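Reviewing the structure listed below.
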């Protein structure tokens with residue numbers, strides 16, 4: 065791909081990203097919607113457990129199962 069096409073692709077990607085950010089609603093809105101019931105928040109330990117530890121454990125279990133159940137010949 066030449067420089068002109070790369071520049072055009074970058075400009076289109078940047079423009080699309082900017083438009084999506086400008087048109088999206090704010091994440092920290094001050095006014096609640098009808099029927100909004102957020103519930104209690106998570107502590108730091110719960111957040112780390114849910115978003116860091118749980119995926120790592122799941123990855124380790126899947127990788128372990130793949131290695132244990134591998135039926136290919138060892139050379």
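Residue numbers (our numbering): 65 to 139.
Heads up, the beta-carbon is just placed ideally off N, CA and C, and yes, glycines get one too.
Here the structure is a predicted model, which means the values were calculated and not measured.
When you measure from the CB of residue i to every non-hydrogen atom of the ligand SAM, does any distance come out below 6 Å?
i	result
residue 120	You won't find the ligand SAM in this model; it holds no ligand whatsoever.
Note the first and the last residue of the continuous alpha helix (DSSP H) segment covering residue i.
i	result
residue 120	118-132
residue 74	67-87
residue 106	Note, residue 106: premise wrong, no alpha helix (DSSP H); not H, not E.
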